[in-house]
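For reference, the structure is listed below as C-alpha cells.
Number of protein chains: 2
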Amino acid sequence: MAEDDRRTIPEATVARLPIYLRTLADLAASDTATISSERLAELAGVNAAKVRKDLSHLGSYGTRGVGYDVEYLVYQMSRELGLTHDWPVVIAGAGNLGQALANYAGFGNRGFPVVAMVDTDRSKVGSRINGVPVRHLDELEDIVAEHGDIIAVLATPAGAAQDVADRMISAGVTSVLNFAPAVLNVPDHVWLRKVDLAVELQILSFYRQRHADATATATASAGNGEPAATGTG
Amino acid sequence: MAEDDRRTIPEATVARLPIYLRTLADLAASDTATISSERLAELAGVNAAKVRKDLSHLGSYGTRGVGYDVEYLVYQMSRELGLTHDWPVVIAGAGNLGQALANYAGFGNRGFPVVAMVDTDRSKVGSRINGVPVRHLDELEDIVAEHGDIIAVLATPAGAAQDVADRMISAGVTSVLNFAPAVLNVPDHVWLRKVDLAVELQILSFYRQRHADATATATASAGNGEPAATGTG
DNA sequence: CCGGGATCGTTCACGTGTTCACAAAGTCGC
DNA sequence: GCGACTTTGTGAACACGTGAACGATCCCGG
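Protein chains in written order, with the working numbering: chain A, 5 to 237; chain Y, 5 to 237.
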C-alpha cells in the first residue's frame with residue numbers, strides 16, 4: 005500500500021467505517037480478541053472482500069491466518085474517525101425533531117455532546133431540553149465562539165433551513181447535518197450530509213409500487229419482482 | 005429509449021426522484037409552468053445532464069427548446085413513485101425518536117399516514133401520541149391484518165431492532181425503514197433502508213478530523229484539504 | 001524446523017454511475 | 001416558411017465501487 009493511499013480513503017469506505025466500529029465495539033464488549041474478515045462481514049452485513057479492502061485503507065492491521073485484533077482495530081478506527089475527542093454539536097430548531105435529537109442518547113453519549121439548541125421562538129428560548137439550553141438564533145455567533153469548531157445539526161422547517169445554514173457557516177461552522185426537507189447550497193469548504201425521512205419513505209414506496217405493478221401485470225408471465233435493496237450509503 | 009428501460013430505473017436515479025418531485029411541487033406552487041433541466045438541476049443541487057438522464061428514464065416528457073412541463077412531470081413522477089395513494093405506516097418504539105416521528109408533519113401529510121405505534125412498555129400502550137394510538141407489540145399481526153400492506157419504521161433501541169424486524173416481516177411487512185443503530189438481516193423479498201444518526205455524525209467527524217490533520221502537518225506545504233462532500237445517496 | 005491450514009492484502013475484471021459533448025427537435029421572430 | 005436559438009435525449013469516455021480469485025504470510029502441531 006502506497007503511503008498516499010492511507011490519506012485517500014474512498015467515500016464509500018468512510019461511510020462503512022462507523023458500522024465496522026460499532027460492530028467491533030460490541031465484539032470487544034463480549035471479550036472477543038480477534039475476528040476474521042468473513043465474520044466481521046457477516047456481522048456488518050457486507051461482503052468479506054469489501055471488509056478486507058476497507059480495512060486495508062487504514063493500514064495493515066490484520067494478521068494472516070489469524071484475523072484482526074479487535075481492540076487494536078477499534079483504537080485505529082476511532083483515531084481515524086476522529087473520535088478520540090469530543091465534537092460539540094449545536095441543534096438548530098427546538099421542534100419535535102430537534103427535541104428528540106437532543107434527547108437521543110446516541111448523540112451525547114458517544115463523543116457528540118449537544119452544547120446548545122437554537123431557535124427563534126422566544127417562548128422556547130431560555131428553557132432546557134434534556135439539560136441542553138435553548139438559546140436564541142441570534143446568539144449563534146457567541147455559541148460558536150465559546151466552543152470553537154462545532155457541528156451543526158439542522159432540524160428546522162424546510163423554509164428556514166437555508167437561512168440558518170448560511171448563518172451557521174458565516175459563524176464559522178464547517179460541518180452540517182441537515183434533517184430539513186430542503187436542498188441546501190453550501191460553499192466548497194463546508195461538509196454537508198443530509199437525512200431526509202420523506203425521501204426514504206418515497207424510495208420504499210417506489211419499489212413497493214413497482215413490485216405491485218409487476219405482480220399485477222405479470223400474473224402468468226415471468227414476473228421479476230426483484231427485491232432486496234439496502235439503503236443510504 | 006427501449007421499452008424495457010422504463011421498468012429498470014437505476015437505484016441512484018430512484019434516490020433522486022423524490023428530490024426532483026419536491027422541487028417541482030414547489031415550482032408548481034409558485035405557478036411555474038415549465039422548467040429547463042439546467043434550472044431544475046440548480047434547484048435540486050445536481051448536474052444538468054444528470055437531471056436529463058434521470059428524467060429520461062421516466063419517458064420523454066420534455067420538449068426540446070422549451071423544457072419540461074412542471075405539472076405533467078409532477079403527475080408522472082408521483083405515479084412512478086407510487087404516491088397516488090397512501091401507504092400506511094406503523095412506527096415501532098414509542099420513545100423519543102418514535103414520538104418525534106409520529107409528530108413529524110412530513111410523515112402523515114404526504115401520503116404516509118401513521119396508523120399505529122407499537123411498544124412493549126405497558127405504561128405507554130393505550131395512550132395516543134399526536135392522535136396515533138400506541139398499541140402493544142403483540143397486536144402487530146392485527147394491525148397488519150387491518151391495514152394490509154404496511155411500511156414499518158423502526159425506532160426501537162438497537163438491541164430490540166432485529167427481533168421487532170423479524171416479527172414485522174413474519175406478519176407480512178415487506179418495507180422497512182430502520183432508525184435503530186443496528187445492522188438488520190432481512191430476507192431477500194424485503195426492502196430495507198436505514199437512517200443512522202451516529203453514522204452520519206461520525207462521517208462528518210472523519211472529514212473534519214482529516215482536515216485538521218492536513219492543515220496541521222501541511223502548514224507550509226501544499227495543503228490540500230479537499231472539502232465539499234454531499235451525503236446520503 | 002517444516003508442512004498444513006487459515007486468513008489477509010491485492011490484483012483484475014466487471015458493472016454502475018457520472019459527465020461531456022453533440023445531433024435531433026422543438027419554439028419564436030420576422 | 002425559414003433561420004436563429006434553445007433545450008432535450010443519448011452516445012461515449014471516464015471514474016468509481018464491487019466481488020471473485022489468488023498469491024503472500026502467518027500460526028500451530030509435530
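Note that CB positions come from ideal geometry on N, CA and C, so glycine has one too.
On the DSSP bridge list, what partners appear for residue i?
i	result
A:S179	A:I155, A:W195
A:R139	A:V122
A:T38	A:D73
A:R132	A:P137
With 16 as the cutoff for other CB atoms within 10 Å, does residue i come out buried or exposed?
i	result
A:R26	buried
A:D192	exposed
Y:A186	buried
Y:S127	exposed
A:Y211	buried
A:E150	exposed
Y:Y108	buried
A:D58	buried
Y:G176	exposed
Y:G152	exposed
Y:T219	exposed
Y:G163	exposed
A:A96	buried
Y:A53	exposed
Y:E204	buried
Y:M5	Bear in mind that the predicted position of Y:M5 carries a pLDDT of just 47, short of 50, making it too unreliable to give a figure here.
A:T67	exposed
What whole-angstrom Cβ distance do residue i and residue j have, given they're in contact under 8 angstroms?
i	j	result
Y:A169	Y:L158	6 angstroms
Y:L188	Y:Q166	6 angstroms
Y:T38	Y:D90	Actually they do not touch by this definition, with Cβ atoms about 30 angstroms apart.
A:V138	A:G130	7 angstroms
A:A98	A:M121	5 angstroms
Y:P161	Y:V119	The pair is not a contact, with the Cβ atoms about 23 angstroms apart (cut-off 8 angstroms).
Y:L101	Y:D123	With 8 angstroms as the limit, Y:L101 and Y:D123 do not qualify as a contact, their Cβ atoms being about 12 angstroms apart.
Give me the residue from the options with the minimum Cα distance to residue i.
i	options	result
Y:L201	A:P22, A:T12, A:V18	A:P22
Y:V194	Y:S174, Y:S209, Y:A162	Y:S174
A:N134	A:T178, A:P117, A:G176, A:L144	A:P117
Y:R114	Y:A48, Y:S82, Y:Y76	Y:S82
A:H61	A:L105, A:L31, A:T12	A:T12
A:L87	Y:L44, Y:A218, Y:L196, Y:R214	Y:R214
Y:A45	Y:N100, Y:G71, Y:A149	Y:G71
A:V55	A:A16, A:R139, A:R171	A:A16
Y:V190	Y:A33, Y:V199, Y:A184, Y:T178	Y:T178
A:A29	A:A53, A:L47, A:G66	A:L47
Y:Q80	Y:R68, Y:G63, Y:T67	Y:G63
Y:G69	Y:V50, Y:E150, Y:S41	Y:S41
Y:L196	A:G49, A:S34, A:T36	A:G49
Y:V199	Y:R43, Y:S34, Y:P14, Y:L105	Y:L105
A:E75	A:L141, A:A220, A:A33	A:A33
A:V148	A:M172, A:G163, A:Y24, A:H140	A:M172
A:R132	A:D217, A:Q103, A:E204	A:Q103
Y:A216	A:D35, A:N51, A:R20, A:E84	A:E84
Y:S209	A:D35, A:F183, A:I154	A:I154
A:R20	A:N51, A:D35, A:G66	A:N51
Y:V94	Y:P14, Y:D146, Y:V18	Y:D146
A:T36	A:V18, A:P14, A:Y65, A:V78	A:V78
(request) Only counting runs of 4 or more residues, tell me where the alpha helix (DSSP H) segments fall wholly within the stretch 58-125 of chain Y, in order along the chain. (result) 74-84, 100-107, 109-113
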